[in-house]
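Novice: In the UniProt record's numbering, the protein residues as written are 1 to 646. Just so you know, even glycine gets a beta-carbon here, dropped at the ideal spot from N, CA and C. Note that the coordinates shown come from a computational prediction; the quantities given were computed from them, not determined experimentally. The following block contains the structure, expressed as structure tokens.
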Amino acid sequence: MIQMRVLVLISIFLISTPFLGLGQTDSVRVLNEVEVVSSPWEKFIPSHKKYTADSVIRSLVPYQDLASRLNYISPVHIRSYGVTGLTTISQRGFGGSRTKILWNGIDLQSLSNGSLNIGQIPAFFFDNMSLYSGGQSAVAGSAAIGGILNLKPINDKRRPANQSQIFLRAASFNSVSAGGKTNFSKGKHSGSIKLFYHLAENDYSFINTYKSGAPEERLSHANRESGSLAADYKFQLNDKVYLSTSFWGLYSDSQLPPLASKTMGSQEEQNDEYHRGAFNVSIEEKNFDLQLTTGVDHQNILYLNDATDLKSETVSFRWQNNFIYNYYLNKWTFNFTGKANREEVIFNNEGYPRKENRLTGEVLGFARYEPKAGTIITGGINQTLVENVKVPLTPSLSVLHQLNNLISAHGEISRVFRVPTFNDLYWRGAGAKGNPDLKPESGISGSFGVEINTVQITSFRSSLSVDLYSTSLNDQITWAPDFEGDWTPMNLQKVWSRGVEMESFSKMKFSQTEISVRLNYQLTRTSLMEDNSISDEYTGKKNQLFYTPEHVFGANISMKHSRWLLAIFNQYTGSQYTTLDNNERWSLDGWFLSDLSLAYAMPLGDHTMSFAGEVKNIFDTAYEVRRERIMPGRNYSLSINLILNH
Numbered sequence: 001m002i003q004m005r006v007l008v009l010i011s012i013f014l015i016s017t018p019f020l021g022l023g024q025t026d027s028v029r030v031l032n033e034v035e036v037v038s039s040p041w042e043k044f045i046p047s048h049k050k051y052t053a054d055s056v057i058r059s060l061v062p063y064q065d066l067a068s069r070l071n072y073i074s075p076v077h078i079r080s081y082g083v084t085g086l087t088t089i090s091q092r093g094f095g096g097s098r099t100k101i102l103w104n105g106i107d108l109q110s111l112s113n114g115s116l117n118i119g120q121i122p123a124f125f126f127d128n129m130s131l132y133s134g135g136q137s138a139v140a141g142s143a144a145i146g147g148i149l150n151l152k153p154i155n156d157k158r159r160p161a162n163q164s165q166i167f168l169r170a171a172s173f174n175s176v177s178a179g180g181k182t183n184f185s186k187g188k189h190s191g192s193i194k195l196f197y198h199l200a201e202n203d204y205s206f207i208n209t210y211k212s213g214a215p216e217e218r219l220s221h222a223n224r225e226s227g228s229l230a231a232d233y234k235f236q237l238n239d240k241v242y243l244s245t246s247f248w249g250l251y252s253d254s255q256l257p258p259l260a261s262k263t264m265g266s267q268e269e270q271n272d273e274y275h276r277g278a279f280n281v282s283i284e285e286k287n288f289d290l291q292l293t294t295g296v297d298h299q300n301i302l303y304l305n306d307a308t309d310l311k312s313e314t315v316s317f318r319w320q321n322n323f324i325y326n327y328y329l330n331k332w333t334f335n336f337t338g339k340a341n342r343e344e345v346i347f348n349n350e351g352y353p354r355k356e357n358r359l360t361g362e363v364l365g366f367a368r369y370e371p372k373a374g375t376i377i378t379g380g381i382n383q384t385l386v387e388n389v390k391v392p393l394t395p396s397l398s399v400l401h402q403l404n405n406l407i408s409a410h411g412e413i414s415r416v417f418r419v420p421t422f423n424d425l426y427w428r429g430a431g432a433k434g435n436p437d438l439k440p441e442s443g444i445s446g447s448f449g450v451e452i453n454t455v456q457i458t459s460f461r462s463s464l465s466v467d468l469y470s471t472s473l474n475d476q477i478t479w480a481p482d483f484e485g486d487w488t489p490m491n492l493q494k495v496w497s498r499g500v501e502m503e504s505f506s507k508m509k510f511s512q513t514e515i516s517v518r519l520n521y522q523l524t525r526t527s528l529m530e531d532n533s534i535s536d537e538y539t540g541k542k543n544q545l546f547y548t549p550e551h552v553f554g555a556n557i558s559m560k561h562s563r564w565l566l567a568i569f570n571q572y573t574g575s576q577y578t579t580l581d582n583n584e585r586w587s588l589d590g591w592f593l594s595d596l597s598l599a600y601a602m603p604l605g606d607h608t609m610s611f612a613g614e615v616k617n618i619f620d621t622a623y624e625v626r627r628e629r630i631m632p633g634r635n636y637s638l639s640i641n642l643i644l645n646h
């Protein structure tokens with residue numbers, strides 16, 4: 001029944017888009033609007049599909065974590081091991097270790113396991129973030145297979161208004177969040193400071209269908225306490241030279257609850273601590289620009305299990321240096337980029353520390369040609385260098401063409417790759433070991449799409465984009481038993497992901513009322529085409545890769561009238577198989593979630609105070625993103641938000 005409902009919604013979406021349209025409302029001026037800054041992949045891969053947060057989402061839910069915000073703005077699948085477990089992005093059928101995540105041009109994925117827990121990150125730290133769908137390793141390097149998440153661009157030239165924000169939120173399950181930020185700008189100086197704190201017991205009740213009689217239970221051992229601090233400073237030396245520096249620190253102490261079928265309580269915990277810093281010099285001349293960036297990323301991940309006296313600590317350090325040069329000549333833009341990195345991981349899971357390190361680098365060049373207005377052709381090549389790992393040469397070609405005033409078409413094809421992580425290469429312990437002979441994962445990614453924009457008039461505007469995509473990835477790394485019985489990573493799999501991605505956007509205005517609608521949908525078929533460790537009956541186009549929903553659909557509607565703002569966020573995620581043979585008995589049902597937010601903004605002279613209430617999971621849907629990791633039902637929150645202009 002729920003699958004039929006989503007098919008009907010999708011049909012309505014396709015049929016009615018030219019009439020409904022859709023868009024982001026920018027009339028809710030609770031916070032100053034954010035200028036979206038162009039990135040290298042927008043300049044040299046203009047066909048990429050891009051998602052950003054509009055002013056409704058930024059003003060209504062500043063306390064969101066990054067995972068929730070991405071769910072609101074795009075048709076990605078968020079993979080979560082429960083409310084306090086690892087939470088990552090799945091884009092176009094590929095998991096979190098195959099989506100590139102950047103901050104000030106610095107890679108953020110864990111050197112040890114290749115992922116980043118986006119459930120710990122406060123979204124309001126990164127109102128200017130952008131999510132790009134599609135693989136583009138030629139521009140972004142290793143792991144840019146499913147897409148790219150750019151939290152903070154290097155070349156952000158905004159001069160923020162002198163404004164401060166303070167918010168406080170109380171929610172169900174003994175959850176409290178508080179945060180604030182202040183922006184300043186005077187003369188040649190500008191910057192910001194941001195703070196965030198979150199505490200939650202997550203002691204919600206649920207029906208435990210994994211136990212006899214399906215008793216009602218309350219989740220235990222699921223506390224999380226986290227905090228973040230970020231600071232940015234920019235100095236404009238003159239009209240051509242900018243200096244900037246950034247810092248971002250985060251800690252998160254999480255209890256890990258037991259699986260639903262377990263009769264004994266959990267004693268597992270994970271404590272994470274991150275410190276990141278970057279310094280950038282930007283030089284802009286009439287016919288060229290130059291950016292020099294150096295940055296560090298220090299991560300400390302500590303896993304504890306008191307029941308088994310297990311303590312496993314992983315400390316990683318990355319020092320990354322980027323050189324980006326663009327030269328402009330008539331209709332041409334030429335780019336040369338060089339990167340040099342030092343990477344180090346200290347494993348301490350066997351009672352003593354063990355250090356591994358390597359040097360990596362990238363050399364890449366791109367050209368962009370605009371023969372006429374509305375037509376862009378780009379091409380480039382990337383050679384990534386990694387100690388003791390041979391990475392293939394990675395080319396890319398992209399075309400965008402404006403067919404007329406309403407319709408544009410675009411397409412791209414490129415090689416993609418992912419370098420083995422330190423865990424893949426060097427792990428030892430608990431019946432498992434790394435494999436230093438691994439090859440990089442490598443494949444081909446391509447897409448073709450169209451974008452339709454209606455004629456924009458004062459009271460109405462809309463757009464529709466449709467993209468077809470396909471990515472084939474060879475030598476995918478998977479862990480399997482070796483001839484000695486130890487689990488070890490091997491280049492065993494070939495995966496093929498293909499599908500359709502759509503977004504529609506409309507905004508309508510009637511007198512003092514503004515209505516906006518955002519619809520998005522992704523159809524993903526991801527198949528395990530080859531796996532040398534299993535029977536052929538589990539491979540081929542007929543089966544869907546486990547924990548990969550075929551359908552993800554979102555529908556967001558907001559209405560602003562005078563000082564009131566109402567928004568409804570809906571998302572459907574299709575069923576997921578948990579076994580290679582797609583056994584229906586062990587599959588997870590799809591789920592439909594609806595969240596409702598209502599806010600009232602009250603002017604206080606030059607300042608603004610707003611009050612908001614929120615109901616999440618309105619229909620109290622029972623669902624699991626991972627087997628035996630039961631997610632919360634209906635829950636509530638109240639928040640107060642103060643904007644001070646100074």
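Provide the residue span of the alpha helix (DSSP H) that contains L70, from first to last.
Specialist: Here the alpha helix (DSSP H) through L70 covers 66–73.
Novice: Whether or not the region 297–310 and the region 104–120 are in contact is what I'm after, with contact meaning three or more pairs of Cβ atoms, one per stretch, closer than 8 Å; do they touch?
Specialist: Taking 8 Å as the limit for Cβ pairs, the verdict is that the region 297–310 does touch the region 104–120.
Novice: From the DSSP output, read off the bridge partner residues of N491.
Specialist: N491 pairs with I477.
Novice: Would the beta-carbon of N645 fall within 8 Å of that of D606?
Specialist: Against a cut-off of 8 Å, the Cβ pair of D606 and N645 comes out as a contact.
Novice: Kindly indicate which three-state DSSP category N174 falls into: helix, strand or coil?
Specialist: DSSP places N174 in coil when its eight states are reduced to three.
Novice: Skipping 5 residues on each side, what residues in its chain have a beta carbon closer than 6 Å to that of S533?
Specialist: Excluding sequence neighbours, S533 sits near A480, L492.
Novice: Count the other CB atoms within 10 Å of the CB of P489; is the residue buried (16 or more) or exposed (fewer)?
Specialist: Buried.
Novice: Which runs of the beta strand (DSSP E) fall wholly inside the region 573–618 and span at least 3 residues, in chain order?
Specialist: Taking only runs of at least 3 residues, the beta strand (DSSP E) segments lying wholly in the region 573–618 are 591–604, 607–616.
Novice: Please state if the CB of N104 and the CB of M129 are separated by a distance shorter than 8 Å.
Specialist: No, the pair does not count as a contact, with Cβ atoms beyond the cut-off.
Novice: Considering just the uninterrupted stretch of the beta strand (DSSP E) at A230, what are its terminal residues?
Specialist: Looking at the DSSP string, the run of the beta strand (DSSP E) that includes A230 is 224–236.
Novice: Please name the residue in R79, E350, Q571, F546 whose C-alpha comes closest to that of S497.
Specialist: Among R79, E350, Q571, F546, the Cα nearest to that of S497 is on F546.
Novice: Which partner residues does A367 have in the DSSP bridge list?
Specialist: DSSP lists F334, G379 as partners of A367.
Novice: Check whether the Cβ atoms of residue 647 and P392 lie closer than 8 Å to each other.
Specialist: No answer is possible for residue 647: the residues shown for the chain start at 1 and end at 646.
Novice: Which same chain residues end up closer than 7 Å to G431 when comparing Cβ atoms and leaving out the 5 residues on each side of it in sequence?
Specialist: Within the same chain, G431 has close Cβ partners D486, W487.
Novice: Using a threshold of 8 Å, state whether the C-beta atoms of Y233 and G191 are closer than that.
Specialist: Yes; because the gap between Cβ atoms is below 8 Å, this pair is in contact.
Novice: Would you kindly work out how many angstroms separate the C-alpha atoms of A409 and K331, rounded to a whole number?
Specialist: Cα to Cα, A409 sits roughly 20 Å from K331.
Novice: Could you check which residue in I568, I106, S462 has the C-alpha nearest to that of residue 649?
Specialist: Any question about residue 649 goes unanswered here, given that the chain covers just 1 to 646.
Novice: Looking only at DSSP bridge pairs, what is F125 linked to?
Specialist: DSSP output for F125 lists no bridge partner at all.
Novice: Do P549 and Q576 have their C-beta atoms within less than 8 Å of each other?
Specialist: Cβ atoms of P549 and Q576: closer than 8 Å.
Novice: Within 10 angstroms of the Cβ of R29, are there 16 or more other Cβ atoms? Answer buried if so, exposed if not.
Specialist: Residue confidence is low: R29 scores 33 on pLDDT, short of 50, so the model does not pin down where it sits. Its coordinate-derived value is still stated next. It counts as exposed.
Novice: Would DSSP call F483 helix, strand or coil?
Specialist: Residue state, collapsed to three classes: coil.
Novice: Look up Q255 in the DSSP assignment and give the residues it is bridged to.
Specialist: According to DSSP, Q255 bridges with E269.
Novice: Excluding the 5 residues preceding and the 5 following residue 656 in the sequence, name in chain order all residues of the same chain whose CB lies nearer than 6 Å to its CB.
Specialist: The structure shown has nothing for residue 656, since the chain only spans 1 to 646.
Novice: For S423, which three-state DSSP category applies?
Specialist: The question names Ser, but residue 423 is Asn in the sequence shown. Looking at N423 - three-state DSSP - the assignment turns out to be helix.
Novice: From L31 to S59, what distance separates their C-alpha atoms?
Specialist: With a pLDDT of 36 at L31, under the threshold of 50, the modelled position of that residue is not reliable, and the figure given next carries that caveat. Their Cα atoms are separated by approximately 6 Å.
Novice: Between the beta-carbon of W591 and the beta-carbon of T573, is there less than 8 Å?
Specialist: Yes, the pair counts as a contact, with Cβ atoms nearer than the cut-off.
Novice: On the three-state DSSP scale, how would you describe R627?
Specialist: Note: R627 maps to coil in three-state DSSP.
Novice: Taking the alpha-carbon of N322 as reference, which of N305, I346, T360 has the nearest alpha-carbon?
Specialist: Of the listed residues, the one whose Cα sits closest to N322 is T360.
Novice: Can you tell me whether E550 is helix, strand or coil according to DSSP?
Specialist: Note: E550 maps to coil in three-state DSSP.
Novice: If distances are taken between C-alpha atoms only, which option among S175, A138, E370 comes closest to A200?
Specialist: When each option's Cα is compared against that of A200, the closest is S175.
Novice: Is it buried or exposed for Y538, if we count other Cβ within 10 angstroms and need 16 for buried?
Specialist: It counts as exposed.
Novice: Identify, in the order they occur along the chain, each residue of the same chain with its Cβ nearer than 8 Å to the Cβ of S459, setting aside the five sequence neighbours on each side.
Specialist: Closer than 8 Å at Cβ, skipping near neighbours: M508, K509, F510.
Novice: Looking at the structure shown, is Q136 part of a helix, part of a strand, or coil, going by DSSP?
Specialist: Of the three classes helix, strand and coil, the one that applies to Q136 here is coil, per DSSP.
Novice: Nearest by alpha-carbon distance to residue 661: which of D253, F417, T263, P160 is it?
Specialist: Nothing can be reported for residue 661: it is not among the residues displayed for the chain, which extend from 1 to 646.
Novice: Judging by CA-CA distance, which residue of D272, Q402, V500 is the nearest neighbour of V76?
Specialist: With distances taken between Cα atoms, V76 lies closest to V500.
Novice: Cα-Cα, which of N388, V450, E217 is closest to N404?
Specialist: Selected option, being the one with the closest Cα: V450.
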